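Engineer:
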Amino acid sequence: MTAKVAWRSPSNIAFIKYWGKHGVQLPKNPSLSMTLSKCFTDTSIVLGEKRTKKNIEFTFKFNSKENKKFSERIEEYLNQVSGQLSFLNHYRLEISSENSFPHSAGIASSASALSALALCLGTIEQRLGTAFKEDFYRRVSELARLGSGSASRSLFAEYSVWGQTEHIYGSSDNFAVDLKVPIHPDFKCLRDIILLVDSTEKKVSSSVGHGLMNNHPYALTRFSEAGKNLKEIIASMRSGDFDKFAFILEHEALSLHAMMMTANPWYTLLSSNSLVIMQKIKEFREKTKSKISFTLDAGPNVHVIYPAEEEKKVQTFIESELVPLCVDNKYIVGSIGRGPEMLVDEFTR
Ligand code: DP6
76 MTAKVAWRSP
86 SNIAFIKYWG
96 KHGVQLPKNP
106 SLSMTLSKCF
116 TDTSIVLGEK
126 RTKKNIEFTF
136 KFNSKENKKF
146 SERIEEYLNQ
156 VSGQLSFLNH
166 YRLEISSENS
176 FPHSAGIASS
186 ASALSALALC
196 LGTIEQRLGT
206 AFKEDFYRRV
216 SELARLGSGS
226 ASRSLFAEYS
236 VWGQTEHIYG
246 SSDNFAVDLK
256 VPIHPDFKCL
266 RDIILLVDST
276 EKKVSSSVGH
286 GLMNNHPYAL
296 TRFSEAGKNL
306 KEIIASMRSG
316 DFDKFAFILE
326 HEALSLHAMM
336 MTANPWYTLL
346 SSNSLVIMQK
356 IKEFREKTKS
366 KISFTLDAGP
376 NVHVIYPAEE
386 EKKVQTFIES
396 ELVPLCVDNK
406 YIVGSIGRGP
416 EMLVDEFTR
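In terms of the working numbering, the sequence shown opens at residue 76 and continues consecutively.
1) Check for me: the alpha helix (DSSP H) holding residue 128 runs from which residue to which?
2) If we count Cβ pairs, one from each stretch, closer than 8 Å, do we get three or more for the stretch 151-166 versus the stretch 102-112?
3) Under 8 Å, do residue 325 and residue 370 count as touching if we go by C-beta distance?
4) Compare the Cα-Cα distances from residue 397 to each of 129, 414, 378 and 94 and report the closest residue.
5) Have a look at residue 256 and residue 313 and give me their C-alpha separation to the nearest angstrom.
6) Helix, strand or coil: how does DSSP classify residue 195 here?
7) Can you find at least 3 beta carbon pairs, one from the stretch 77-86 and one from the stretch 401-418, that sit closer than 8 Å?
8) Confirm the yes/no value for this check: CB of residue 97, any heavy atom of ligand 1, distance under 7 Å.
9) Within 10 Å of its beta-carbon, does residue 301 have 16 or more other beta-carbons around it, so buried, or fewer, so exposed?
10) List the endpoints of the continuous alpha helix (DSSP H) containing residue 285.
11) In whole angstroms, give me the CA-to-CA distance for residue 341 and residue 333.
12) Please confirm if residue 410 has its CB atom under 8 Å from at least one CB of chain C.
13) Contact between the stretch 117-132 and the stretch 243-261: three or more CB pairs below 8 Å?
14) Could you tell me the boundaries of the alpha helix (DSSP H) in which residue 300 lies?
15) Please classify residue 299: is it buried, with 16 or more other beta-carbons within 10 angstroms of its beta-carbon, or exposed?
16) Check whether the Cβ atoms of residue 235 and residue 87 lie closer than 8 Å to each other.
17) Classify residue 339 as buried or exposed, calling it buried when 16 or more other Cβ atoms lie within 10 Å of its own Cβ.
18) Please classify residue 210 as buried or exposed, where buried requires at least 16 neighbouring CB atoms within 10 angstroms.
19) Within this structure, are the beta carbons of residue 193 and residue 168 separated by less than 8 Å?
This is the structure:
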């Protein structure tokens, strides 16, 4: 048998943040994200005959080179899912990955990387006929979640919700779902400009960050607020109310960082230029009545969000006022994305 499968899977930016988890990668609150267009990972897997007696046999190349750190994370992940994916014990896997964005840009790559890998594994499972009854993307979202919580949300076009909430029919802590509600046309063509404020690697891993929510004095308030914010941000996206949207979006980003800064031990991932940029965006919005707003990941880079119809209005502001605050004037221009794309699907027996 020869088998090769490859997928391109995007990263996503959370509007309502997942921060705090329990059990086997289950979220403490529901989250909502926008799928991105320009930040993605391409991953391929070639299945072959096993050459050793090892339970799980694989090779991994990132940008055509061995990568020990990523390899270790993949080994841990494959071991974790091998109980559900029995083919992992019967074949050798040659895995290769590359990102559309520089790894050193300080952009979280686990969502695109783990979702691309899960898509390849889910496709192999399907082709080998070890069938499952569920919907393919739901199954893959669950597999991706086990690798990285935010990866579960990368499988859908436009917007996705992960975590059980009474406001979204069919939502679950186990997998993400497509946000199927009708939304205002402005929210169908949002732009996302990632300002690269600091390109050094994260000082604190996501897992450690989530862990700090376990004994956090404000945790319970935060988790219930996230649920309310999810409901309200969706309402603002339906009606096209950008004032309300900007308030919730920015409040979520600032709450995420406030949680880190009030944890024990505390830390901050913001840099001074992140603060300057946030303030400038606020002032520009107030002065020009623009629909611009920002959000942040667990890092110093700022995502600038606005509807495509404001391109002309905000472009000069971003280029003249914000880009000079980026490392080497670097930024990534992107927008709302269409979700994953299959690149190769070759199976012969
Ligand atoms: C701040 O998904 O990276 O980006 O599940 O431990 O892999 P793990 O964490 P991860 O956490 C993402 C946190 C966040 C917010 C979000 O994407 O919702």
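The C-beta atom is built at its ideal place from N, Cα and C for all residues, glycine as well. A quick note: this is a predicted structure, and the numbers were derived from the prediction, not measured.
Structural biologist: Walking through what the data contain:
1) Looking at the DSSP string, residue 128 is not in any alpha helix (DSSP H), and its letter there is neither H nor E.
2) no
3) Yes, Cβ-Cβ distance for residue 325 and residue 370 is below 8 Å.
4) If we check each option's Cα against that of residue 397, 378 comes out closest.
5) So the alpha carbons of these two residues sit roughly 8 Å apart.
6) helix
7) yes
8) no
9) When all chains shown are included, residue 301 counts as buried.
10) 281-286
11) 10 Å
12) The displayed structure is made up of one protein chain only, and chain C is not part of it.
13) no
14) 294-314
15) That one is exposed.
16) yes
17) exposed
18) The residue is exposed, with fewer than 16 neighbouring Cβ atoms inside 10 Å.
19) It is not a contact, given that the beta carbons lie outside the stated cut-off.
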